[in-house]
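Chemist: Below: one structure in structure tokens.
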Amino acid sequence: MTKRRSTGKRQTPSKNRKSGGKSVTSFSFFRLAWKLGLVLLLLLVGWTIYLDVQVTSRFEDHRWEVPSRVFARPLDLYSGAPVTLDAFRRELDSLGYERDPRATEPGTFTRNGREFVVHTRGFPFPDGKAPARRLELRFEDGVITRFRATGGDGVAVARLEPQQIAGIYPGHGEDRVLVQLEDAPPLFRETLLTVEDRNFESHHGVAPSSIARAFLANLRAGRVVQGGSTLTQQLVKNFWLSSEQTYWRKFNEAIMALLLEARYPKDDILEAYINEAYLGQSGSRAIHGFGLGSEFFFNKSFEDLELHETALLVAMVRGPGYYNPRRYPDRARERRNLVLRLLRERGIIGVDRVEKLQARPLDVVATPSNEMNRYPGFMDLVREHLGRDYRDEDLETSGLRIFTTMDPHVQAVAEQRMKEMLAALEQGEEPGALEGAMVITRREGGEVEALVPGRETRYAGFNRAMSADRPIGSLAKPAVYLSALETPEDYTLVTPIKDEPFRVEFDNGKEWSPSNYSGESHGTVPLHEAFSHSYNQATVRLGLELGLPRVVETMQRLGLQDEPELYPSLLLGSITMTPLDVTRMYQTIASGGFQVPLRSIRAVTTPEGEVLSRYDLDLQQTVDAGPMHLLHYGMQEVMREGTGRSVYNLIPDNLQVAGKTGTTNEGRDSWFAGFTGGHLGVVWVGGDDYSATELTGASGALQVWGRTMADLPQRSFSPVVPEGVRYEWVDDATGALTADNCEGARRIPFIQGSEPQEEVPCSDTMGGQIQRWFEGLF
Amino acid sequence: MREESGHQIVRLCRVRQAVALMVVLLLGGCSMVQDRPSDDQEVIAPIETKEPEDVETQEPDTPERDARQRQTGSELSPAAASLLASARGMLLAGNTERALNLAQRAQRISPDAAQVYYRLAEIYQKRSDHARAEQFALKGISKAGNDPKLRRTGWSLLADVRASRGDEEGAREARKRASRS
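Those protein sequence lines, which keep their order, are chains L and F.
Those letters in the first sequence? Residues 1 to 778, per this note's numbering, in order.
Those letters in the second sequence? Residues 1001 to 1181, per this note's numbering, in order.
In structure tokens:
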């Protein structure tokens, strides 16, 4: 505005002198030009100062935006570790280990049948750096039966480095791993400068000869076809300017490059360049810098690159898409070899070496180990947890390292089994009508190993495991029976309970009469049987005897966080919960009465490895060991004789498990919650629209659970009999004590002092008596 | 050494089970109910368990591994034992954070062994986090089974923790349990 007005003013007087002599005209022209020039110079100086401020403030304070990295649990290796050969192989593949008959280098392995020699890479864990080690391992029947660390300093346990399972990226999706110039592999600097900027060490930011060459080429073509940019200019462009090819931008770029060179040493500029360079794309994630480039293409750290690998990365700077070695290997190889030839021409390496290097394959790993967002469901949980202690901005830009509890093998099995089983269950129905969710934790410790948010596991969407709030049906029953068993003077596992029709009348005159799933009543049955067969009428009767507040209080001690309305129907699970809430409640049962917070994160560190947060194992006893043992007995009976018994079509007969099925009205929800010695799993199956299904807990969710558990290395859930609990033989028909191993009798745990007082004689066959006599011998 | 005697116990059990099984089968027609193991500490026996060599390679120290319930606590695996030993070293050196990391790694490997929780209790005790120490001691005791030494260790530890919390009555009770074990 100012500029235009001032020229306007000058134009008016000149009109008056239109008829003046030639010398006057030329004088005033020079004066005008001189003044204009002065104004332009001032503007230029001002603009330069402005650019200088831009350059210095941004370059000095430039906080690299480094996304956070999220890691799975590291795989522990030791003698006796429950790891199948197949799972181990997959772990090595995911980590990009390569076969090498001698396994001399970190990141290699060799295999001979069931035996492996693995050379681990070493890794900076939150609890310290694990060194690279050479391990000898043998796998038999899902267990490591031989473990030896060579160099044998008595190491009994080692860890593989953890898989990166996700990154937390800022909106623009730039990803990088910061490196320093001193970490560069040998000949890196020479290679980069040979290709991108031969005069880097001597120029002042711009190279006029290169610009002239490019200018001529552009003039001939009639458009911008060539850049004469120095490395400094490239950095300026990436750092501060858009990528549009205009002369105005080139002009700014040149000035800023000069300023940058005037103010900073060459090494600082080069270091910024190698962290900024754009090297590829993975979905919406942009691969920046040679540090991440090394990981993304070679699964190596920058300093470990070999020269042919360095050459490939440098080759790609010109056109990361065009020379993408995964998509266009021939093209990439041709350019890599060109780079190597240039090195020879400049005398940096000899002919022999070039030929050898040119003959080498690209050595790019097939899939990047750190693909982003493979597990959006689990990441929802991690983000929710992180959200309590960290701001989004810090997570996206501070390069934090987040060590989670996820077990990629368990996660893969759970996803696969869920998908298959849902497809099988909806045979004959409209495909896609059924959905499901699953949470798997370590039975002791509460670490979340897997979370399946629905049948779609690759793309973020409705996370049913965390958000589907559904009635839990009979999953509520353990709280009812536990409340009873906590008062051994009133209730034991053999207390007779009536499973008969009855009515509850409410104050408002309404009535409710619960019925059993089968529609039949079973008369008077022992408490354990009412539980294992999930009889509704018996359960409601028992729950009302105990009183609703007591049952709710038990639920809260198990981990329920709400304050539900006290309707009798809550005894049959009208109360709603998400699969994750149910997991929290059953975790207390699985951990023997100790409430254990569910954890998805073990620790968070800075990029340098300093621990910022740690989330340690914690526990709090809320249920006594005795009644909990009795409940475990009942939940094992569910699986052997009750509603969950079909699980033994899926899992080995000698595997002891405990659990509870749940079904809501018209099969709208099919639930199962149960545990083996190693894992607790909670499964929900149903329709998002609450539509009725033919499913029960056993025919739906339990099938997913059983198949998942069958695929994982397992051990039995075999709880220790606590002090103060005794097992007695009890006659089924009368509920009285009887002799060992009688027919129609079973061994039942009692809290000491609550055993039945009556005794009945054994009424079994001769064979049984002889058998007992023999057993007495042993 | 312990592993070897473990092997022998397993073998003995197996021999006994095999004899029992043969006799039972010979008698015929008898109705041994599955999954009703004897209360006897060592005989466990769903008769259809795996081949003996399988058990030996898999978990040599735990004859009760597939029982529906067990009287003895779960053995500490050698790997977890070595981590706990390192944790103790760190604890003695005053580095409770390292000790905690090592003990938690041991917990992941042998989550049913009482010793793991005792070590965690000691670490929290050293940190003067007596409330946590008490919970971990209780957890350990719940895993100790009928091993008198493990029980004694647990109750004594609990007595110390309670005493430092100022819970004199609780400490007395725990001491009584320790001497009864």
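Glycine is no exception: its CB is placed at the ideal position from the N, C-alpha and C atoms.
Using a Cβ-Cβ distance cut-off of 8 Å, determine whether alanine 1067 of chain F contacts chain L.
Modeler: Under the 8 Å criterion on CB atoms, alanine 1067 of chain F is classed as interfacial with respect to chain L.
Chemist: Flag proline 1078 of chain F as yes if its beta-carbon sits less than 8 Å from any beta-carbon of chain L, otherwise no.
Modeler: yes
Chemist: Within the 8 Å Cβ cut-off, does proline 401 of chain L reach chain F?
Modeler: Per the sequence shown, the amino acid found at residue 401 of chain L is arginine instead of proline. Not closer than 8 Å to any Cβ of chain F, the Cβ of arginine 401 of chain L fails to qualify, so no.
Chemist: Between which residues of its own chain and glutamate 758 of chain L is the CB-CB distance below 6 Å, once the five residues before and five after are set aside?
Modeler: Ala736
Chemist: Please state whether DSSP places alanine 658 of chain L in a helix, a strand or coil.
Modeler: Of the three classes helix, strand and coil, the one that applies to alanine 658 of chain L here is strand, per DSSP.
Chemist: Using a C-beta to C-beta distance shorter than 7 Å, which residues of chain L count as neighbours of aspartate 1112 of chain F?
Modeler: Glu444
Chemist: Give the single residue among L:Glu261, L:Gly686, L:Gly399 and L:Ala130 whose Cα lies nearest to the Cα of glycine 432 of chain L.
Modeler: L:Gly686
Chemist: Is threonine 79 of chain L close to chain F? Criterion is C-beta to C-beta, closer than 8 Å.
Modeler: What sits at residue 79 of chain L in the sequence shown is serine, not threonine. Cβ-Cβ to chain F under 8 Å: yes for serine 79 of chain L.
Chemist: Between the segment 85-96 of chain L and the segment 157-164 of chain L, can you find at least three pairs of beta-carbon atoms closer than 8 Å?
Modeler: yes
Chemist: With DSSP collapsed to three states, give me the class of threonine 605 of chain L.
Modeler: strand
Chemist: If I follow the unbroken beta strand (DSSP E) through lysine 498 of chain L, where does it start and stop?
Modeler: 496-499
Chemist: Quick one: what does DSSP say glutamate 136 of chain L is sitting in, helix, strand or coil?
Modeler: Three-state DSSP puts glutamate 136 of chain L in a strand.
Chemist: Just curious, the alpha helix (DSSP H) that proline 749 of chain L is in, first and last residue?
Modeler: Note, proline 749 of chain L: premise wrong, no alpha helix (DSSP H); beta strand (DSSP E) at 745-751.
Chemist: Scan the segment 505-571 of chain L and note each continuous beta strand (DSSP E) run of 3 residues or more that stays entirely inside, going in chain order.
Modeler: 523-526
Chemist: Below 7 Å on C-beta distance, what does serine 716 of chain L contact in chain F?
Modeler: Arg1065 and Asp1066
Chemist: Find the residues of chain L that neighbour serine 1082 of chain F, judging by a C-beta separation of less than 7 Å, and give them in chain order.
Modeler: Ala156 and Val157
Chemist: Quick test of the definition: if touching needs 3 or more C-beta pairs under 8 Å, does the segment 1151-1162 of chain F touch the segment 600-614 of chain L?
Modeler: No, the segment 1151-1162 of chain F does not touch the segment 600-614 of chain L.
Chemist: When you check each C-beta in the segment 1113-1131 of chain F against every C-beta of chain L, which residues fall closer than 8 Å?
Modeler: Leu1120
Chemist: Report buried or exposed for alanine 460 of chain L, applying the criterion of at least 16 other Cβ atoms within 10 angstroms of its Cβ.
Modeler: exposed
Chemist: Which first and last residues belong to the alpha helix (DSSP H) in which glycine 289 of chain L is found?
Modeler: 289-298
Chemist: Using a Cβ-Cβ cut-off of 8 Å (strictly less than) and excluding sequence neighbours within five positions of arginine 550 of chain L, which residues of its own chain qualify?
Modeler: Correct list, in chain order: Ser483.
Chemist: On the DSSP letters alone, give me the boundaries of the beta strand (DSSP E) that methionine 110 of chain L sits inside.
Modeler: Looking at the sequence itself, residue 110 of chain L is threonine, so the reference to methionine does not match. 108-112 is the extent of the beta strand (DSSP E) around threonine 110 of chain L.
Chemist: Can you look up methionine 577 of chain L in the DSSP assignment and give me helix, strand or coil?
Modeler: It is a strand residue.
Chemist: Would you mind telling me which residues of chain L sit closer than 9 Å to glycine 1089 of chain F, beta carbon to beta carbon, in chain order?
Modeler: By Cβ distance, chain L contributes nothing, its closest Cβ being about 13 Å from glycine 1089 of chain F, past 9 Å.
Chemist: Whole angstroms is fine: what's the gap from arginine 249 of chain L's alpha carbon to glutamate 396 of chain L's?
Modeler: 30 Å
Chemist: So, helix, strand or coil for glutamine 281 of chain L, using DSSP?
Modeler: strand
Chemist: Alpha carbon to alpha carbon, what distance is there between isoleucine 144 of chain L and glutamate 115 of chain L?
Modeler: 10 Å
Chemist: Specify, as a first and last residue, the run of the alpha helix (DSSP H) that glutamate 91 of chain L falls within.
Modeler: For glutamate 91 of chain L, the uninterrupted alpha helix (DSSP H) segment begins and ends at 85-94.
Chemist: Which of the three DSSP states is assigned to valine 1023 of chain F in this structure?
Modeler: Because valine 1023 of chain F carries a pLDDT of 43, less than 50, the predicted location of this residue cannot be relied on, and the following value inherits that uncertainty. Reduced to three states, the DSSP call for valine 1023 of chain F is helix.
Chemist: Can you look up threonine 583 of chain L in the DSSP assignment and give me helix, strand or coil?
Modeler: helix
Chemist: By the criterion of Cβ-Cβ separation under 7 Å, what are the contact partners of proline 722 of chain L in chain F?
Modeler: Ser1142
Chemist: If we ignore side chains and look at the alpha-carbon of each, how far apart do glutamine 1041 of chain F and glycine 445 of chain L end up?
Modeler: Note that glutamine 1041 of chain F scores 26 on pLDDT, short of 50, meaning its location in the model is unreliable and no value can be drawn from it.
Chemist: Within 8 Å of any Cβ in chain F, is that where the Cβ of aspartate 93 of chain L sits?
Modeler: So, not an interface residue.
Chemist: Three-state secondary structure (DSSP) at serine 1179 of chain F?
Modeler: If DSSP states are grouped into helix, strand and coil, serine 1179 of chain F belongs with the helices.
Chemist: So glycine 593 of chain L and valine 623 of chain L are supposed to be a Cβ contact under 8 Å. How far apart are they, rounded?
Modeler: 3 Å
Chemist: Along the segment 624-648 of chain L, where does the CB come closer than 8 Å to a CB of chain F? Name the residues.
Modeler: Ala625, His629, His632, Tyr633, Gln636 and Arg640
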